[in-house]
Amino acid sequence: MKREVVITADGSSTIHLPDWDEQYHSKHGAIQEAYHVFIKHGLYHFYNPELISEFHKNISILEIGLGTGLNAFITLLEAEKLNVNIDYFGVEGYPVSMDEIDQLNYPTELNVKNKDALFKELHKVSWEEKHILSKNFSIEKQNRFFSEIKEKDKYGIIYFDAFGARVQPELWTESIFLNMYDALHENGVLVTYSAKGSVRRAMEAVGFIVERLPGPPGKREMLRACKEA
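Each residue of the sequence shown is one higher than the last, beginning at 1 in the numbering used here.
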C-alpha cells in the first residue's frame, strides 16, 4: 500500500495512506494529538507525583500501533523529565521503513534536535528484544498482530493508537478490547483518540469503566478506559 510523508497542522510530520485516506496521526497536529491523548490523559493520569512508590515509579506501557514511533519517543522524553522508569512495548504488524523514518521531523519540532540519533536508534534496534535507550526508558518492539496479545495483568497503561474503525473495524471489537482488559493490571488505563459510540460500548461490554474526555485539536472527544480493582 502506498505511503507518503506529509506535514500536519502543527508543523509535525506523519504518514498518509492515500488508498485509505487515513493518517498515522491527526492531520490537525501529530505532536499535539500525541501529547493530549497519550501523555496528558494516559501517562500523567496514571502517574501521580504525590505518590512516591515503586508502583508509580516503574511503569509498563503497551502501545497498540508503534507506527512512526512518535508516542514512544515523546514518552521517553517524559520519562526523563519525571524521573520514572518506563518499560515500553510497541506492537506493530507492518513496520515503517527507515527511509520513511528519515523523513520525519519529530526531534526538530520537539526542540530536541540533539536527540535525533536516539529517535533513529529507537527504530533501528532489533525486534523481539528489550533495549535500554536511556536510564529511564527501555523498549521492546514486537512484530505481531493485535489479536495475538494474550498477556495477563502486565501493563499499567495501553496507548491504543490503531488505524480508525472506518478502515479497520476489526481492530475495535469486543474481542480485541477483552485482550486489552486482560493485559492491564488492576487500576490500569487505556487511552485512545477514538470516541465512537460503538468503541465505547465494546469497551464497557468487557468490563472497562469508560470516560469521554475533551479531544485533541480537530476532535471533540476521546476515550479513556479504566480497569478498576
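No residue lacks a Cβ here, since even glycine has one placed at the ideal position from N, Cα and C.
All figures in this text were calculated on a predicted structure; none of them were measured in a lab.
Determine whether the beta carbon atoms of residue i and residue j lie at a separation below 8 Å.
{"i": "histidine 25", "j": "leucine 82", "result": "no"}
{"i": "tryptophan 127", "j": "lysine 150", "result": "no"}
{"i": "phenylalanine 46", "j": "valine 199", "result": "no"}
{"i": "isoleucine 61", "j": "isoleucine 86", "result": "yes"}
{"i": "alanine 183", "j": "isoleucine 158", "result": "yes"}
{"i": "glutamate 174", "j": "alanine 205", "result": "yes"}
{"i": "glycine 42", "j": "valine 191", "result": "yes"}
Look at the alpha carbon of residue i and the alpha carbon of residue j, and state the distance between them as a whole number of angstroms.
{"i": "histidine 16", "j": "tyrosine 181", "result": "30 Å"}
{"i": "proline 216", "j": "threonine 8", "result": "13 Å"}
{"i": "lysine 115", "j": "serine 138", "result": "16 Å"}
{"i": "arginine 144", "j": "glycine 67", "result": "13 Å"}
{"i": "aspartate 99", "j": "alanine 34", "result": "22 Å"}
{"i": "asparagine 58", "j": "valine 84", "result": "6 Å"}
{"i": "asparagine 136", "j": "tyrosine 88", "result": "11 Å"}
{"i": "alanine 165", "j": "arginine 220", "result": "17 Å"}
{"i": "valine 167", "j": "phenylalanine 160", "result": "15 Å"}
With distances taken from CA atoms, which of the options is nearest residue i?
{"i": "glycine 11", "options": "Glu129, His28 and Ser60", "result": "His28"}
{"i": "leucine 178", "options": "Thr68, Asp19, Phe163 and Ile209", "result": "Ile209"}
{"i": "leucine 104", "options": "Glu221, Ala195, Val5 and Ser134", "result": "Val5"}
{"i": "aspartate 153", "options": "Leu213, Gln32, Leu43 and Ala229", "result": "Ala229"}
{"i": "alanine 79", "options": "Leu133, Tyr155 and Gln168", "result": "Leu133"}
{"i": "glutamine 23", "options": "Pro107, Leu110, Ala72 and Lys2", "result": "Lys2"}
For residue i, list the residues DSSP reports as bridge partners.
{"i": "tyrosine 155", "result": "Leu184"}
{"i": "glutamine 23", "result": "His16"}
So residue i is in the alpha helix (DSSP H); what residue range does that whole segment cover?
{"i": "glutamine 236", "result": "Since the first and last residues shown for the chain are 1 and 229, residue 236 lies out of range."}
{"i": "isoleucine 139", "result": "Not the alpha helix (DSSP H): isoleucine 139 falls in the beta strand (DSSP E), residues 137-142."}
{"i": "asparagine 71", "result": "70-82"}
{"i": "leucine 110", "result": "First-last for leucine 110: undefined, no H or E at that position."}
Note the first and the last residue of the continuous beta strand (DSSP E) segment covering residue i.
{"i": "aspartate 10", "result": "From DSSP, aspartate 10 is part of no beta strand (DSSP E); its letter is neither H nor E."}
{"i": "phenylalanine 89", "result": "85-91"}
{"i": "valine 210", "result": "209-214"}
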